[in-house]
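Chains as they are written, first to last, in full-length UniProt numbering: chain F, 1 to 431; chain V, 1 to 279. The C-beta atom is built at its ideal place from N, Cα and C for all residues, glycine as well. Structure first, then comments.
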Amino acid sequence: MLRSRFRRLAAAAAVAVVGLGALTACGDGGGKDETSSGPVKLRFLSLAWQKESLQANKDLVAKWNAEHPDIQVEYVQGDWNSVHDQLVTSFEGGDVADIVHYEASAIGEFSKQGYLADVSKLLSDDFKGQIDQGVWDTATFDDKVAGVPFLLESQVVIANKKLLDAAGIAVPPADGGWTWDEFQANAQKLTKPGQYGAAWALKSPTNRVLNLALNYDGKFFYSDGGKTEVKVGDAEKEVPKRIHDMIYTSKSASPEALGMSGADTLPGFFGGKYAMLPGSVSLRQQMVEQAPAGFEWVTLPPIKGLSSKQAANPQTLSIAEDSKHKKQAAQFLEWFLNPANMAALAKGDWLVPTGKQANEELVKLTNGKQGWDVAADSAADLTVAPFQKADGYPEWKTKYATPALQQYFANKITLDQLGTQLVDGGKQVLR
Amino acid sequence: MFGKPSHTGRTLQYVALTGYLIFLGFPLVWLLSTAFKPPRELVRLHPSLIPSNPTVQNFVQAFTEQQLGRAALNSLQVSLASAVLTVLVALPASYALARFRTRLGTVALGWVLLSQLFPFVLLIIPIFLILRQVGLANTHAGLVLIYVVWALPFALWMLQGFVRNIPRELEEAASVDGASRLQVLRRVVFPLLAPGIVATALFSFISAWNEFFFALVLVKTPELATLPVALARFVGIEGTARLGPLAAGSLLATLPSLIFFAVMQRRLSSGSLAGAVKG
Numbered sequence: 001m002l003r004s005r006f007r008r009l010a011a012a013a014a015v016a017v018v019g020l021g022a023l024t025a026c027g028d029g030g031g032k033d034e035t036s037s038g039p040v041k042l043r044f045l046s047l048a049w050q051k052e053s054l055q056a057n058k059d060l061v062a063k064w065n066a067e068h069p070d071i072q073v074e075y076v077q078g079d080w081n082s083v084h085d086q087l088v089t090s091f092e093g094g095d096v097a098d099i100v101h102y103e104a105s106a107i108g109e110f111s112k113q114g115y116l117a118d119v120s121k122l123l124s125d126d127f128k129g130q131i132d133q134g135v136w137d138t139a140t141f142d143d144k145v146a147g148v149p150f151l152l153e154s155q156v157v158i159a160n161k162k163l164l165d166a167a168g169i170a171v172p173p174a175d176g177g178w179t180w181d182e183f184q185a186n187a188q189k190l191t192k193p194g195q196y197g198a199a200w201a202l203k204s205p206t207n208r209v210l211n212l213a214l215n216y217d218g219k220f221f222y223s224d225g226g227k228t229e230v231k232v233g234d235a236e237k238e239v240p241k242r243i244h245d246m247i248y249t250s251k252s253a254s255p256e257a258l259g260m261s262g263a264d265t266l267p268g269f270f271g272g273k274y275a276m277l278p279g280s281v282s283l284r285q286q287m288v289e290q291a292p293a294g295f296e297w298v299t300l301p302p303i304k305g306l307s308s309k310q311a312a313n314p315q316t317l318s319i320a321e322d323s324k325h326k327k328q329a330a331q332f333l334e335w336f337l338n339p340a341n342m343a344a345l346a347k348g349d350w351l352v353p354t355g356k357q358a359n360e361e362l363v364k365l366t367n368g369k370q371g372w373d374v375a376a377d378s379a380a381d382l383t384v385a386p387f388q389k390a391d392g393y394p395e396w397k398t399k400y401a402t403p404a405l406q407q408y409f410a411n412k413i414t415l416d417q418l419g420t421q422l423v424d425g426g427k428q429v430l431r
Numbered sequence: 001m002f003g004k005p006s007h008t009g010r011t012l013q014y015v016a017l018t019g020y021l022i023f024l025g026f027p028l029v030w031l032l033s034t035a036f037k038p039p040r041e042l043v044r045l046h047p048s049l050i051p052s053n054p055t056v057q058n059f060v061q062a063f064t065e066q067q068l069g070r071a072a073l074n075s076l077q078v079s080l081a082s083a084v085l086t087v088l089v090a091l092p093a094s095y096a097l098a099r100f101r102t103r104l105g106t107v108a109l110g111w112v113l114l115s116q117l118f119p120f121v122l123l124i125i126p127i128f129l130i131l132r133q134v135g136l137a138n139t140h141a142g143l144v145l146i147y148v149v150w151a152l153p154f155a156l157w158m159l160q161g162f163v164r165n166i167p168r169e170l171e172e173a174a175s176v177d178g179a180s181r182l183q184v185l186r187r188v189v190f191p192l193l194a195p196g197i198v199a200t201a202l203f204s205f206i207s208a209w210n211e212f213f214f215a216l217v218l219v220k221t222p223e224l225a226t227l228p229v230a231l232a233r234f235v236g237i238e239g240t241a242r243l244g245p246l247a248a249g250s251l252l253a254t255l256p257s258l259i260f261f262a263v264m265q266r267r268l269s270s271g272s273l274a275g276a277v278k279g
């Protein structure tokens, strides 16, 4: 018996060694240099993840490959949660994809370290003219354009149409959103036992508060003579104060949504517990896919303060500085992001295309239904915000702003204490 | 020392055990339920355990969109190779550490423990550069090498504990009976170490099967991706997930570990040494 056990063990070991040998032999040497002959090969790291978006990306790449035998693009799937670590190691190790999908607020760091090419020198003027200068600014760092902004995300309000009708609240037109006062008053009307007017999903509150603070010209980050500091005045306090009031004073917003992300509020929304969800324009995708049969929802335009301004943090496509084929990569980008293709990509992700023509085509294509008219209109309110350009923002956000805002929204600290913590945090991380 | 449990005591034991099993099994049952739910059933205010309209659409999506079948096969190859190689390397080393106690051995064990404290991110770039230098970046062989190195410290600790539990007297008795050193190892030590070897292999297999970060960074070619990397693609911006396909894929991901454990668990049963030495 002992002998047979030993034999089995030895056999397993032998199989493993042989297997490993085979793996080594078969393992593709992806790191091998390309041969000088044959088509140019480009790697495209995409973060598309929604079903339709994934399909749109793959279809476009396949179409390009069929039409351009001399420039072949390999579609490589990444994911949003780990892409930063993946890129850091790839850049450091010198083995990054030629074309990289990410977002404007995150590529500045890579651009300043010299890992991303200046796409403004590679793209044609015609192509650049399709996108507003304000949107290009979001991806411009030290006068270098680090990526092509192609998809925008705005904050709108998704509402339960039947509950609005029952409360006698009219749906505003796409270009005529409610003021904050109107939004708060309507949320109050929609509040009754077992039902809240709104659910603010504030699990990650910083980006959202800083985005919406622009409604009252709240900038948070102020630069003077090369030095940046955080200031929290009345303009910065307005939006957090209003949200806090809805939760604790008028009680028209659900306190239980504080720890939720946008999608977590959907069961309550579909169940009639919350009448309105202030959230991303991309939430519409889940409405279409997951709303119960017969559930009527509408997209309300962004809320207005002094303006409807919000921070634009577009998704971007960058070209790696290390790419041996930057010119061909730019050629692919111009084709990949032409108006028709950009509209298809935006439709797949339920986001707003940055290209003016693509935006118009998308509204035509969808007849403005499912909130596409509101989404298209909201693009005009998106602007570059000071926090997007501040070097220490990610650290300030994680270490100071998010905990402070979470404490404030949990009613643990006052508005003034919130302001003090945000300013003090700024002193720690900003130089 | 302990008397026979009373009828009530035994009932309470069973109740506690059943409760514990339900607690442990619930996530798996919920995963199973979610994997078969259509999108509209995933976001109900009062979710049900049994899907009203069960569907296999989540599995179809998971397999067609992210090549999960291929990814699972990749994970299986890498994990099996890692498990067997880890045991092969750890076995002689752990025997030496347990039986020949020297100052060097003590220092080596301390270092092994200390090496566990280095964070992933500190090591990943040097590892990547080294693998690239030797032509093993973007290969399963490179990944297996890293997994073996990564699992070895714990495997060594684990196995040398098992070796120490084997009474030296057994080996001495075999020697007295005329067995050579190799025969002692083959016929006495290794068979008694079987539960330890199985436990170590299981640990190495599961740690390789679940590993995400090295697989993400070291393997670039889509066809070589492992299962955890493929599954991560169902999670989008700010943690929003496509729950249905993710659950279907995750269910698939738990199966090999469960099967491997079910097959091997017999080997894990303790008590093989009971009565080996009368004292």
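| Item | Value |
| --- | --- |
| Could you give the residue range of the beta strand (DSSP E) that holds His101 (chain F)? | 99-103 |
| Measure the C-alpha to C-alpha separation of Phe387 (chain F) and Ala90 (chain V) and round it to an integer number of angstroms. | 52 Å |
| Report yes or no: do three or more beta-carbon pairs, one from the segment 155-173 of chain V and one from the segment 92-103 of chain V, lie closer than 8 Å? | yes |
| State the CB to CB distance for the pair Ala343 (chain F) and Pro353 (chain F), rounded to an integer number of angstroms; the pair is presumed to be in contact (CB under 8 Å). | 6 Å |
| Determine the chain V residues that contact Phe270 (chain F) at a beta-carbon separation under 9 Å, and present them in chain order. | Arg40, Val43, Arg44, Leu45 |
| Under the rule that 16 or more other beta-carbon atoms within 10 Å means buried, what is Gln116 (chain V), buried or exposed? | exposed |
| Excluding five sequence neighbours on each side, which residues of the same chain lie with their C-beta closer than 6 Å to the C-beta of Asn186 (chain F)? | Ile169 |
| Ignoring anything shorter than 3 residues or poking outside the segment 226-252 of chain F, list the beta strand (DSSP E) runs there in chain order. | 227-230 |
| Determine the contact status of Tyr408 (chain F) and Pro240 (chain F), defining contact as a CB-CB distance below 8 Å. | yes |
| Which residues share a DSSP beta bridge with Gly355 (chain F)? | F:Ile131 |
| If you drop the 5 nearest sequence neighbours on each side, which residues of the same chain put their C-beta closer than 7 Å to that of Pro27 (chain V)? | none |
| For a minimum of 4 consecutive residues, which ranges assigned as the alpha helix (DSSP H) are wholly contained in the segment 180-259 of chain V? | 181-184, 190-210, 213-218, 227-232 |
| With a cut-off of 8 Å, does the C-beta of Gly69 (chain V) fall near any C-beta of chain F? | no |
| Residues of chain V with a CB under 7 Å from the CB of Ala263 (chain F): which are they? | Thr240 |
| Measuring CA to CA, which of V:Glu65, V:Leu45, V:Phe59 is closest to Ser53 (chain F)? | V:Glu65 |
| Quick check on Ala166 (chain F): buried or exposed, where buried means 16 or more other Cβ atoms within 10 Å of its Cβ? | exposed |
| Indicate whether at least one CB of chain F lies closer than 8 Å to the CB of Arg132 (chain V). | yes |
| Quick check: the Cα distance between Leu231 (chain V) and Asp381 (chain F), rounded to an integer number of angstroms? | 36 Å |
| Secondary structure at Ser204 (chain F), three-state DSSP: helix, strand or coil? | coil |
| Just to make sure I have the definition right: I need the residues of chain V whose C-beta is within less than 7 Å of the C-beta of Glu289 (chain F). Which are they? | Pro39 |
| Where does Val423 (chain F) fall in DSSP's three states? | helix |
| Roughly how many angstroms lie between the CA atoms of Asn74 (chain V) and His140 (chain V), to the nearest whole one? | 8 Å |
| Gln50 (chain F) and Gly348 (chain F) - do their beta-carbons sit closer together than 8 Å? | yes |
| Pull up the distance between the alpha-carbon of Ser120 (chain F) and that of Pro39 (chain V), whole angstroms please. | 42 Å |
| Can you name the residues of chain F whose CB is closer than 7 Å to the CB of Ile125 (chain V)? | Thr89, Glu92, Gly93 |
| If contacts are defined as beta-carbon pairs under 8 Å, then Ala71 (chain V) and Ala248 (chain V) qualify, I think. What distance do you get, rounded to the angstrom? | Actually they do not touch by this definition, with Cβ atoms about 13 Å apart. |
| Using a threshold of 8 Å, state whether the C-beta atoms of Ala117 (chain F) and Glu321 (chain F) are closer than that. | yes |
| Which residue comes first and which comes last in the beta strand (DSSP E) that contains Trp64 (chain F)? | That residue, Trp64 (chain F), is in no beta strand (DSSP E); its alpha helix (DSSP H) goes 51-67. |
| Less than 7 Å separating the Cβ of Pro191 (chain V) from some heavy atom of the ligand ZN? | Of the ligands one can find in the structure shown there are none, so the ligand ZN has no counterpart to examine. |
| Specify whether the segment 85-102 of chain F and the segment 368-384 of chain F touch according to this definition: at least 3 beta carbon pairs, one from each stretch, less than 8 Å apart. | no |
| Check Gln370 (chain F) in the structure and name its three-state DSSP category. | coil |
| Counting only runs that start and end within the segment 93-178 of chain V, where is the alpha helix (DSSP H) found for 4 or more residues in a row? | 103-115, 120-133, 140-165, 168-176 |
| Smallest Cα separation from Val384 (chain F): which of F:Phe141, F:Asp126, F:Leu45? | F:Phe141 |
| Using 10 angstroms around the beta-carbon of Gly9 (chain V), count the other beta-carbons present and answer buried if the total reaches 16, otherwise exposed. | exposed |
| By the three-class DSSP mapping on this structure, what secondary structure does Ile107 (chain F) have? | helix |
| Please classify Ser52 (chain V) as buried or exposed, where buried requires at least 16 other C-beta atoms within 10 Å of its C-beta. | exposed |
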